[in-house]
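S.K.:
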Amino acid sequence: MGPGLDDGYTEGSAKTPEWRTPPLWGLGLSTNSQGGQYFLLHDGRAKSIEEAILLHAGEGQQRKERFQQLSVQEKNSLIKFLQSL
Ligand code: HEM
653 MGPGLDDGYT EGSAKTPEWR TPPLWGLGLS TNSQGGQYFL LHDGRAKSIE EAILLHAGEG
713 QQRKERFQQL SVQEKNSLIK FLQSL
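Numbered per the working numbering, the sequence shown spans residues 653 to 737.
In structure tokens form, the structure reads like this:
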């Protein structure tokens, strides 16, 4: 996921910038058990879905760039969809 999410620790055979790709179902419900807030990515640093997407790099870089090219309306639709999972 690139140098931004690299924490310098290895786990099993995963290298330091490598993370398990999480399932996104239940994403919209996760705030219910976290005081109404998001704590996304492996260390909870992303406080919104948009922030989590914008922290994608490495193998996720292209998706981030595609997201950045969307209109505000398209971004909102995508986020609404992700929250419905
Ligand atoms: C439109 C496409 C994508 C969307 C909307 C998306 C969305 C997200 C979101 C919301 C998270 C945070 C989930 C959580 O913390 O529970 C996440 C994490 C992650 N995504 Fe994506 N993602 C996309 C594409 C990709 C691609 C193409 C890759 C890799 C090839 C990828 C790899 C990952 C990984 C490894 C994490 C976990 C990173 C960490 O824990 O630090 N994602 N993604």
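Idealized CB from N, CA, C, for every residue including glycine. Given the structure is predicted, the values throughout are model-derived calculations rather than measurements.
(1) Quick check: the Cα distance between glutamine 713 and methionine 653, rounded to an integer number of angstroms?
(2) Locate the alpha helix (DSSP H) running through asparagine 684, then write down its first and last residues.
(3) Could you check whether the Cβ of proline 674 sits closer than 7 Å to any heavy atom belonging to the ligand HEM?
(4) Is it the case that the Cβ atoms of leucine 734 and leucine 676 are separated by a distance below 8 Å?
(5) Quick check: what's the CA-CA separation for leucine 730 versus histidine 708?
M.R.: Let me lay it out:
(1) Counted from its first residue, the sequence shown places residue 713 at position 61. Counted from its first residue, the sequence shown places residue 653 at position 1. Whole-angstrom Cα-Cα distance: 8 Å.
(2) Translated into the one-based positions of the sequence shown, residue 684 becomes position 32. Where asparagine 684 is concerned, there is no enclosing alpha helix (DSSP H), given that its DSSP letter is neither H nor E.
(3) Against the sequence shown, residue 674 aligns to sequence position 22. It does: the Cβ of proline 674 is within 7 Å (strictly closer) of some heavy atom of the ligand HEM.
(4) Residue numbering aside, residue 734 sits at position 82 when the sequence shown is read from its first letter. Residue numbering aside, residue 676 sits at position 24 when the sequence shown is read from its first letter. Their beta carbons are under 8 Å apart, which means leucine 734 touches leucine 676 by this criterion.
(5) As a first step, residue 730 must be located in the sequence shown, where it is residue number 78. As a first step, residue 708 must be located in the sequence shown, where it is residue number 56. When rounded, the distance between both Cα atoms is 16 Å.
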